[in-house]
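Quick note: the sequence shown, position 502, residue 511 per my numbering, numbers continuous. Just so it is clear, CB atoms sit at the ideal spot from N, CA and C, and this is done for glycine as well. Everything numeric in this text was worked out from a predicted model, so none of it was measured.
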Amino acid sequence: MTLHLRPTAPKTEGARAFLAAPDKRLLIDGAWVEGSGDRFESHDPASGALLATLAEAGAAEVDAAVDAARRAFEGDLWRGMTPSARGRLLWRIAETIEAHADELAEIETLDQGKSFRTARFGEIPAAAEQFRYYAGFATKLLGTTIPTSIGYQPPGKKVFAYTSREPVGVVAAIVPWNSPMLMAAMKLAPALCAGCTVVLKPAEDTSLTALRLGELMIEAGLPAGVVNILTGHGAVGAALAAHGGVDKVTFTGSTATGRRIVVAAAGNLKKLTLELGGKSPVIVRADADLSLALPGVARGIFHNAGQVCVAGSRVYAARPIYEALVDGLAREAARLRLGHGLDPEVDLGPLVSARQAERVDAYVAEGAGAGVEIVAGGKRAGDAATFYEPTVLTGARPDMRLMREEIFGPVVAVTPFEEDEAAIAAANDTRYGLAASVWTRDLSAAHRMAGSIRAGTVWINGHSYFSPELPKGGWKESGWGIENGANGLDNYLESKTVCAIL
Ligand code: NAD
């Protein structure tokens, strides 16, 4: 395992200029303003370098942002904007993101740690694509006319009924740190398409691309108050979740925080969309094409250093290929080059923080103490507190914490199975239900298994395939509601029935 930590600096003029103004502010009603809480620091997790100081929103700024979003929601400029103009605005935001893709990717890499390749060719274009996809929907938010069978209309009268779809109102969008820009785009694009206004709360460890996106959206012509951005810690999210002026919370993050939001949102019975944690199973049958499965399964867990909600952290391998899969995954783990994400030779960056690396290490140490075998990795890499070696474990028991809880690091446990039924039972033995994958050449078996796994997404011979047109949601304790696709708009629309006696 090699750790490359060569000195690196952003190359784009845009990223350098953004970081040259290090005291970041809040976006409220189209203006960048100071927060009333104590400023806090944002660091590069690979080098520890200070990147920026961020404003902590206090109660006054939470109120101001919600008020601004309410005024914008009710104001003529946003309400009166035609669907076509709203669609064109979303398209312009997509183009602006694309025009700034190098710069945004550099900022994301510096702030979050992920490799530049992942940011530049994966997540930043995917964020732009969210806006492009929903741009087309703004003109297609249709209602229906309904033939009714109501028998009691007055003689000579007719009942004419139809539905219309209307924006839910002021949305609080609270996002996590693993894919910051993409998570923000997955909330903003459908919410704006529907005609809602938004208060966005990025994660405290990774707020920078959200702030830069705020600048770019204003450049693209977004009216003041339509999107407001509040940086700060969990208390800011909690205040939004409890706020009487917020109509809806759309949240992506841990199941524990999701539960708190459910309680906080009860006051005015806010609508909720919750995209929560996972413990995704991967089933590799004996007839799988290992030349595809090995790199695919490895990517499914090690990509973004395992900080992915759908990370395939529990692998069930059919007995005849079990040894080959364990050896192959260990080889893949050892092959990956760790280092600063801006270094083009690097495959994996650090974890987002030393705190996260400690969490990951604690799961592995606890497992090792209880008899789990570490086949690859199992420790920090180099001297930096944030790098963790891609880790392959065997011999884990189903009741162990590392098999039941989300680790959110590059750690996979491989377990053999004899029969398909046993693999399905093991895959479903979890309180989560976010995603899964099945690897096999047998199409019938693949679809039978896909039908038996209790999760919102099942991939066949792949893992972690996402796109705005593919609905994505969690079953069981992985969440409420669906994001992406046409269904994703339901999160931001109310349905109204109009019934007229003509
Ligand atoms: P987290 O729950 O700790 O924090 C997420 C966001 O919530 C942050 O902005 C945080 O400041 C805010 N927050 C914290 N406490 C809050 C409270 N009481 N009320 C309101 N907001 C609060 O999650 P994280 O550690 O940033 O992210 C990792 C988690 O996100 C993992 O569990 C991962 O599975 C999940 N995730 C899920 C998906 C999905 O689509 N299902 C996608 C990405 C990440």
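Under the DSSP definition of a beta bridge, Gly315 lacks any partner.
Excluding residues up to 5 positions away in sequence, Leu60, Leu119 lie with their Cβ nearer than 6 angstroms to the Cβ of Asp53 in the same chain. Looking from the CA of Arg95, the closest CA among Cys205, Glu115, Arg129 belongs to Cys205.
Cα atoms of Ala371 and Gly378: separation of roughly 10 angstroms, rounded to the nearest angstrom. In this structure the stretch 147–161 lies against the stretch 88–104, because at least three pairs of beta carbons, one per stretch, are closer than 8 angstroms. Between the stretch 217–229 and the stretch 72–80 there are fewer than three C-beta pairs closer than 8 angstroms, too few to call the two in contact.
In the displayed model, Thr282 falls within a strand according to three-state DSSP. DSSP links Ala40 through a beta bridge to Ile37. Within the DSSP bridge table, the entry for His252 names no partner. With respect to the 8 angstroms criterion, Ala320 and Ile310 are classified as neighbours on the basis of their beta carbons. A direct Cα-Cα distance of roughly 11 angstroms separates Glu175 from Ala200. Here the C-alpha atom of Arg346 lies approximately 5 angstroms from the C-alpha atom of Val355. Selection Ala342, Lys485, Leu502, His472 evaluated against Ala385 yields Ala342 as nearest (Cα-Cα). Counting other Cβ atoms within 10 Å of its Cβ, Asp85 stays below 16 and is therefore classed as exposed. Contact between the stretch 107–121 and the stretch 22–31 is present: three or more C-beta pairs spanning the two stretches fall below 8 angstroms. The alpha carbon of Gly178 has as its nearest neighbour, out of Gly46, Thr266, Ile133, Glu83, the alpha carbon of Glu83.
Rounded to the nearest whole angstrom, the CA to CA distance from Val180 to Val208 is 6 angstroms. Under the three-state reduction of DSSP, Pro419 is assigned to coil, being neither helix nor strand.
For Phe169, the secondary structure class from DSSP, reduced to helix, strand or coil, is strand. Under the DSSP assignment, Pro189 falls in the alpha helix (DSSP H) whose first and last residues are 189–203.
Using a cutoff of 7 angstroms, the CB of Lys279 does not count as near the ligand NAD, since none of the ligand's heavy atoms is closer than that. Excluding its 5 nearest sequence neighbours in each direction, Gly234 has C-beta neighbours in its own chain below 7 angstroms: Asp38, Gly39, Ala77, Ala78, Arg80, Ala81, Thr206, listed in chain order. For Leu285, the Cβ falls inside the 7 angstroms cut-off from some heavy atom of the ligand NAD. Close CB contacts of Pro477 within its chain, under the 6 angstroms cut and outside five residues either way in sequence, are with Glu138, Gln139, Tyr142, Asn493 (chain order).
When the beta-carbon positions are compared, Gly267 and Gly488 come within less than 8 angstroms of each other. When the beta-carbon positions are compared, Leu197 and Ala66 stay at least 8 angstroms from each other. When only Cα atoms are considered, Asp451 and Pro329 end up about 16 angstroms apart. Cβ-Cβ separation between Ala64 and Arg34: approximately 5 angstroms, consistent with a contact (criterion under 8 angstroms).
Beta-bridge pairing by DSSP links Val207 to Val180, Val236. In this structure, DSSP gives Thr395 a state outside helix and strand, which the three-state scheme calls coil.
Sixteen is the threshold: since fewer than 16 other Cβ atoms of the shown chains lie within 10 Å of the Cβ of Tyr474, the residue is exposed. For Val384, no alpha helix (DSSP H) encloses it; the enclosing beta strand (DSSP E) starts and ends at 382–385. For Arg406, the three-state secondary structure derived from DSSP is coil. Straight-line spacing of the CA atoms in Asp336 and Phe396 works out to 23 angstroms. Secondary structure at Ser51: strand, using DSSP grouped into helix, strand and coil. Nearest in C-alpha terms to Leu231, of all of Arg406, Leu443, Ala434, Arg88, is Arg88.
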